[in-house]
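Engineer: Oh and the sequence shown: position 68 is 69 in our numbering, straight run, nothing missing. I am attaching a structure below and will ask some questions about it afterwards.
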Amino acid sequence: MEFINENYIASLIDNVRLKNTQLQSEIINKAIEAKGLSLKDCAALLNIDKPELFEKLFTAAYKVKEKIYGNRLVLFAPLYVSNQCVNNCLYCAFRRDNKQLIRKTLSIQEIKEETEFLVKQGHKRILLVTGEHPKKSNLDFIGEAIETMYDVHVNGGNIRRINVNTAPLSLEGFKTLKSFGIGTYQCFQETYHYNTYVKMHPDGPKKDYAWRLYAMDRALQAGIDDVGIGVLFGLTDYKFETLALLEHAFNLDKRYGVGPHTVSVPRLEPALNAPVSYNPPFVVDDLSFKKIVAVIRLALPYTGIILTTRERPQLRRELFEIGVSQISAGSRTSPGAYKVLSDLNDNSQSEQFQLGDHRTLDEVVKDCCELGYLPSFCTACYRSSRTGDRFMRLAKTGKIGKLCTPNAISTFKEYVIDYASPQTKTAALKTIDNEIQKAESKIKNKILRMIKEVDAGRRDVYL
Ligand code: SAM
Ligand code: SF4
2 MEFINENYIA
12 SLIDNVRLKN
22 TQLQSEIINK
32 AIEAKGLSLK
42 DCAALLNIDK
52 PELFEKLFTA
62 AYKVKEKIYG
72 NRLVLFAPLY
82 VSNQCVNNCL
92 YCAFRRDNKQ
102 LIRKTLSIQE
112 IKEETEFLVK
122 QGHKRILLVT
132 GEHPKKSNLD
142 FIGEAIETMY
152 DVHVNGGNIR
162 RINVNTAPLS
172 LEGFKTLKSF
182 GIGTYQCFQE
192 TYHYNTYVKM
202 HPDGPKKDYA
212 WRLYAMDRAL
222 QAGIDDVGIG
232 VLFGLTDYKF
242 ETLALLEHAF
252 NLDKRYGVGP
262 HTVSVPRLEP
272 ALNAPVSYNP
282 PFVVDDLSFK
292 KIVAVIRLAL
302 PYTGIILTTR
312 ERPQLRRELF
322 EIGVSQISAG
332 SRTSPGAYKV
342 LSDLNDNSQS
352 EQFQLGDHRT
362 LDEVVKDCCE
372 LGYLPSFCTA
382 CYRSSRTGDR
392 FMRLAKTGKI
402 GKLCTPNAIS
412 TFKEYVIDYA
422 SPQTKTAALK
432 TIDNEIQKAE
442 SKIKNKILRM
452 IKEVDAGRRD
462 VYL
């Protein structure tokens, strides 16, 4: 694949000059300007192994995140609609040959019930996830599922943005997907290393590396402005994967004028009867994982970095301090697990992989407030057509924060009034007060106006 040049990436990883601590320190100084980095710079930063440089790297990454997005953390939950799959990915419990998995595709009524459950928790963003199956989860089904989710309204609450993580489609397929009103289309390359890719995906349509690699090109050509890329860390050397992922991002930016809207950094978790998941060939330790997140933040200052409940609460907290900007909370990874199957309370026979963070949305929100972050349920950009290059222009010039903070506060106030437990309410109101105090006077007036409207019962107030 012309833009994933394995030999060039390997040469950067082996280049001894890029292991120089003086050079690494200078690159961090430059990165604080939030103008991004070259692939070579990123290779040097991935080589950091001295404790004092780790600290400097992490601090710089947070400064950049704060400069662009402020201290807000956007919240979402996944909704799995089917675990039927024709592929055989060696790391995933949904793989075709896993006869131990209890298979389920939700009915439209069940999708409605699952969505109602999430709306009642206070969620405004859903990530629709499904296995690849031409009959069980084809485009018609996905379209109906999305329409059903958007139609759910409970006591003034509703889902306002649906992102989608499904198998790659043809150009025509992506045009249809766009017509369903999706937010971001996500698809992870899993591994950019060709031979590893072939080994991990022995059969099914997913075995075609190039079809997956060029999925984002087709999505963008079909008019889906916001695309999300990612790597499944643990399959091969993390330095290789991070550099290849960044090459992909730089290349999209160069050819389409927009980089990825989001980057996801899933690490391999144990998954039922999925051989590779129990024994990852290249385990990524926590410190290296933090380094990966920091380098991505410095290389792509304007990009949302997504962290899911795969990770444990304590590590999640540490990663918030490094530049993560979007997080899932209260998640389950099996179809029907929120409501339909909740009586069973054991989804181990139908889930995709095991989770590290089992806290509810309310608990995560409270924790974020106590750590000094501003939880956000904002979905404004997408509904104001601030997508693709329009979003990137605001993000790249650091102007997006001026919209993010007021919108985060008004949507958070909505959450506090409608859904927060008494303990969370106390922490949340303190957070909102602090944010109002911090705001410049022009923005402060806007925020106060928006809050007044929310207090008066208006919902979905945004700039
Ligand atoms: N089936 C589609 C696909 O593979 O692109 C879309 C959804 S798949 C359910 C979502 C993602 O879950 C995959 O892209 C993969 O990165 C991740 N995943 C699979 N097995 C995992 C595991 N054992 N631990 C962590 N993440 C995993
Ligand atoms: Fe199917 Fe996706 Fe799991 Fe692979 S990762 S087995 S394609 S659900």
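All C-beta atoms in this analysis are idealised placements derived from N, C-alpha and C, irrespective of residue type, glycine included.
Sort Gln-122, Cys-90, Arg-333 by Cα distance to Ser-278 and report the nearest one.
Structural biologist: With distances taken between Cα atoms, Ser-278 lies closest to Cys-90.
Engineer: Keeping to the same chain, check which residues put their C-beta closer than 6 Å to that of Val-259; ignore five residues upstream and five downstream.
Structural biologist: Gly-389, Asp-390, Met-393.
Engineer: Ligand 2: which residues have Cβ under 6 Å from any of its heavy atoms, chain order?
Structural biologist: Those residues that have a beta carbon less than 6 Å away from any non-hydrogen atom of ligand 2 are, in order along the chain, Cys-86, Asn-88, Cys-90, Cys-93, Phe-95, Arg-96, Gly-132, Glu-133, Lys-207.
Engineer: So what's Asn-280 in DSSP terms, helix, strand or just coil?
Structural biologist: In this structure, DSSP gives Asn-280 a state outside helix and strand, which the three-state scheme calls coil.
Engineer: Determine, using beta carbons only, whether Lys-292 and Ile-10 come nearer to each other than 8 Å.
Structural biologist: no
Engineer: Using three-state DSSP, classify His-154 as helix, strand or coil.
Structural biologist: In the structure shown, the three-state DSSP call for His-154 is strand.
Engineer: Restricting to Cα atoms, I'd like to know which of Leu-288, Val-165, Pro-206 is closest to Val-228.
Structural biologist: Val-165
Engineer: Starting from Gly-373, trace the alpha helix (DSSP H) in both directions and tell me its first and last residue.
Structural biologist: Where Gly-373 is concerned, there is no enclosing alpha helix (DSSP H), given that its DSSP letter is neither H nor E.
Engineer: To the nearest angstrom, report how far apart His-262 and Glu-7 are at their CA atoms.
Structural biologist: 24 Å
Engineer: Among Gln-23, Tyr-92, Ser-326, whose alpha-carbon lies nearest the alpha-carbon of Pro-203?
Structural biologist: Tyr-92
Engineer: Between Ile-103 and the rest of its own chain, which residues show a CB-CB distance below 7 Å, the 5 nearest in sequence each way excluded?
Structural biologist: Closer than 7 Å at Cβ, skipping near neighbours: Gln-350, Ser-351.
Engineer: Can you name the start and end residues of the beta strand (DSSP E) that Ala-250 belongs to?
Structural biologist: Element bounds for Ala-250: not the beta strand (DSSP E) but the alpha helix (DSSP H), 239-257.
Engineer: Output the boundary residues of the alpha helix (DSSP H) element that contains Leu-273.
Structural biologist: Counting along the chain, Leu-273 falls outside any alpha helix (DSSP H), and DSSP gives it neither H nor E.
Engineer: Just to confirm the assignment, what range does the beta strand (DSSP E) spanning Thr-131 have?
Structural biologist: 126-131
Engineer: Would you mind working out which of Lys-31, Val-155, Leu-221 sits nearest Phe-118, comparing C-alpha positions?
Structural biologist: Val-155
Engineer: Which residue marks the beginning of the alpha helix (DSSP H) containing Asn-446, and which one marks its end?
Structural biologist: Taken as a continuous stretch (DSSP letters only), the alpha helix (DSSP H) holding Asn-446 covers 442-456.
Engineer: Please say whether Ala-32 and Leu-301 have beta carbons closer to each other than 8 Å?
Structural biologist: no
Engineer: Cβ-heavy atom distance between Ser-278 and ligand 1 below 7 Å?
Structural biologist: yes
Engineer: Tell me the rounded alpha-carbon separation between Tyr-374 and Leu-178.
Structural biologist: 34 Å
Engineer: Check the C-beta distance from Pro-282 over to Asn-88 and give it rounded, since I have them as a contact under 8 Å.
Structural biologist: Rounded, the Cβ-Cβ distance is 19 Å, inconsistent with contact.
Engineer: Is the beta carbon of Gly-144 sitting closer than 8 Å to the one on Phe-181?
Structural biologist: yes
Engineer: Within the present structure, is the beta-carbon of Phe-354 separated from the nearest heavy atom of ligand 1 by less than 7 Å?
Structural biologist: Yes, since a heavy atom of ligand 1 falls inside the 7 Å radius drawn around the Cβ of Phe-354.
Engineer: Please state whether the Cβ-Cβ distance between Val-130 and Val-153 is less than 8 Å.
Structural biologist: no
Engineer: Counting pairs of Cβ atoms below 8 Å between the region 355-369 and the region 324-341, do you hit three or more?
Structural biologist: Flag = yes, the region 355-369 and the region 324-341 touch.
Engineer: Pick from Leu-288, Gly-305, Ser-329: whose alpha carbon is nearest that of Glu-319?
Structural biologist: Leu-288
Engineer: Can you say whether Lys-431 is buried or exposed, counting buried as having 16 or more other CB atoms within 10 angstroms of its CB?
Structural biologist: Burial call: exposed.
Engineer: Does the count of Cβ pairs from the region 320-331 and the region 75-85 closer than 8 Å reach three?
Structural biologist: In short, these stretches touch, since the Cβ pair count reaches three.
Engineer: On the criterion of 16 or more Cβ atoms from any shown chain inside 10 Å, does Val-17 qualify as buried, or is it exposed?
Structural biologist: Val-17 comes out exposed.
Engineer: Do you know how far the Cα of Ala-381 is from the Cα of Lys-194?
Structural biologist: As written in the sequence, residue 194 is His, which differs from the Lys given in the question. For His-194 and Ala-381, the distance between alpha carbons rounds to 37 Å.
Engineer: DSSP three-state call for Gly-337: helix, strand or coil?
Structural biologist: coil
Engineer: Just verifying my parser: in three-state terms, what is the DSSP assignment at Leu-76?
Structural biologist: strand
Engineer: Among Ser-171, Lys-208, Ser-83, which has the Cα closest to the Cα of Phe-142?
Structural biologist: Cα-wise, what sits closest to Phe-142 is Ser-83.
Engineer: Measure the C-alpha to C-alpha separation of Cys-369 and Pro-376 and round it to an integer number of angstroms.
Structural biologist: 7 Å
Engineer: Can you name the start and end residues of the alpha helix (DSSP H) that Gly-174 belongs to?
Structural biologist: 172-180
Engineer: Closer than 7 Å to a non-hydrogen atom of ligand 1 - does that hold for the CB of Ala-245?
Structural biologist: Flag unset: Cβ of Ala-245 not near ligand 1.
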